[in-house]
Amino acid sequence: MPEGRSEMRKPAWLRSHLAREALQTEVAFRKVKTALRTGALHTVCEEARCPNLHSCWNAGTATFMILGDRCTRSCRFCAVTPGRPLAPDPEEPERVAEAARAMGLRYVVVTSVARDDLPDGGAGQFAATIRALRSKIPGVGVEVLTPDFGGDPAALRMVLEARPDVFNHNVETVRRLTPSVRAKATYERSLWVLREAKRLRPEIPTKSSLMVGLGESWEELIETMDDLRASGVDILTIGQYLRPSRRQLPVARYYAPEEFERLREEGLRRGFAHVEAGPLVRSSYHAREQATAAGAVRFLESGTERLEV
4 MPEGRSEMRK PAWLRSHLAR EALQTEVAFR KVKTALRTGA LHTVCEEARC PNLHSCWNAG
64 TATFMILGDR CTRSCRFCAV TPGRPLAPDP EEPERVAEAA RAMGLRYVVV TSVARDDLPD
124 GGAGQFAATI RALRSKIPGV GVEVLTPDFG GDPAALRMVL EARPDVFNHN VETVRRLTPS
184 VRAKATYERS LWVLREAKRL RPEIPTKSSL MVGLGESWEE LIETMDDLRA SGVDILTIGQ
244 YLRPSRRQLP VARYYAPEEF ERLREEGLRR GFAHVEAGPL VRSSYHAREQ ATAAGAVRFL
304 ESGTERLEV
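To convert, note that position 161 of the sequence shown is 164 in my numbering; the numbers rise steadily by one, no gaps.
Structural data, given as structure tokens:
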């Protein structure tokens, strides 16, 4: 894809939606921002410049990004700042749990930057955060969106032994484009992570996400769906790649809403328990609804209250 190519103009319907999104400044939005700032916490919503930030925060949800805001990788689709990270903060898991409690969350998504500098790739911090959330909020549902941990089986086991309700690792793009889109990652390693997670904990639903608009073909998208199903993935999300800034790859094309509907139907035909596909769909957007639709539902007792997560 030529580096100097001019940016493709967004379709009118997409520009309209993004403009409405930017105008939302409700009370819930301010409540979420206050809780995050009080705990000195990061969210992928902000760091990755997610187009759904306002609607999610207005609904009282957020995706916590642990292990700092500096990534040891420099993927060409991502707005998270690359660089040398600080040492993990041992108090961060408790702060995440306290912020989630203050926000009244019943389903929490936890992700992280890549931490290739750490022996366990950050797996211990994921496990500690899951345990802290469960301790602080009885009955909470926890979804983790992890990096590939460099393909380390021990790191993957560490996260899964903490028993998240959903395990998510994003393949992001098709096999052919992976080397030019994802730094230090491989397509096969991502499939291995998902396959191994399902082997180790078959009762935990697995999830992955695809971006479209980077230059892939329809046939390559179908091949990727087949590879994900063969790896035991239960939940698939598909969204339009939107260039965060001119430092990232340009958009090759915009998919129309009806094309996303066709992709959703193709995924369901292949046996995914749930497929969410749309221009602004992101891996963590409507995460609880996705998990519930896929049958990843637990009923837990919390005092006299019965919670569905």
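Don't be surprised by glycine CBs; every beta carbon is placed ideally from N, CA and C.
For clarity, every value in this text was computed on a predicted model and none was experimentally measured.
- Message: According to DSSP, simplified to helix, strand and coil, what is Y190?
- Response: helix
- Item | Alpha-carbon to alpha-carbon, R118 and G124 | 5 Å
- Item | Cα-Cα separation between G139 and A100, rounded to whole angstroms | First, the residue type needs correcting, since residue 139 is Lys and not Gly in the sequence shown. If I take the Cα positions, the gap works out to 6 Å.
- Item | Bounding residues of the beta strand (DSSP E) (the contiguous stretch that carries V370) | The structure shown does not extend to residue 370, since the chain is modelled only from 4 to 312, so the question has no answer here.
- Just how far apart, CA to CA, sit A188 and R178? 11 Å
- Message: Checking 8 Å against the spacing of the C-beta atoms, do S287 and T66 come in under that value?
- Response: yes
- Query: So, is R285 buried or exposed, given that buried needs 16 or more other C-beta atoms within 10 angstroms?
  - Reply: buried
- Ordered list of beta strand (DSSP E) runs contained in the stretch 96 to 177, each at least 3 residues: 110 to 115, 144 to 148, 169 to 171
- Message: I'd like to know whether the C-beta atoms of F263 and D237 end up nearer to each other than 8 Å.
- Response: no
- First through last residue of the beta strand (DSSP E) which encompasses L213: 209 to 215
- Query: If we count Cβ pairs, one from each stretch, closer than 8 Å, do we get three or more for the stretch 166 to 184 versus the stretch 205 to 223?
  - Reply: yes
- Message: With the cut-off set at 8 Å, would you say L213 and I241 are in Cβ contact?
- Response: yes
- Message: Using a Cβ distance threshold of 8 Å, determine whether the stretch 107 to 114 contacts the stretch 203 to 212, with at least three qualifying pairs required.
- Response: no
- Coarse secondary structure for V196, derived from DSSP in three states: helix
- Euclidean distance between Cα positions of L89 and E261: 44 Å
- So T84 and R73 are in contact, right, with Cβ under 8 Å, and what is the actual spacing, rounded? 6 Å
- Using the rule of at least 16 other Cβ atoms within 10 Å of the residue's Cβ for burial, across every protein chain shown, is A259 buried or exposed? exposed
- In three-state terms, what does DSSP make of E262? helix
- Message: Can you look up G281 in the DSSP assignment and give me helix, strand or coil?
- Response: strand
- Task: Check each candidate in A131, A126, R87 and name the one with the smallest Cα separation from R98.
- Result: A131
- Query: Between T112 and the rest of its own chain, which residues show a CB-CB distance below 6 Å, the 5 nearest in sequence each way excluded?
  - Reply: It should be noted that the sequence gives Val, not Thr, for residue 112. Around V112: T66, E146, S287, A290.
- Contact check, A103 vs S248, beta carbons under 8 Å: no
- Under a three-way DSSP split, which group does Q293 fall into? helix
- Query: In three-state DSSP terms, what is M11?
  - Reply: coil
- Message: Between the alpha carbons of G153 and L121, how many angstroms are there, rounded?
- Response: 10 Å
- Query: Do L252 and the ligand FAD come close, with the Cβ less than 7 Å from some heavy atom?
  - Reply: Here there are no bound small molecules, and the ligand FAD is not part of this structure.
- Message: Quick check on the burial criterion: 16 or more other C-beta atoms within 10 angstroms. Buried or exposed for M68?
- Response: buried
- For P85: DSSP bridge partner residues: C74
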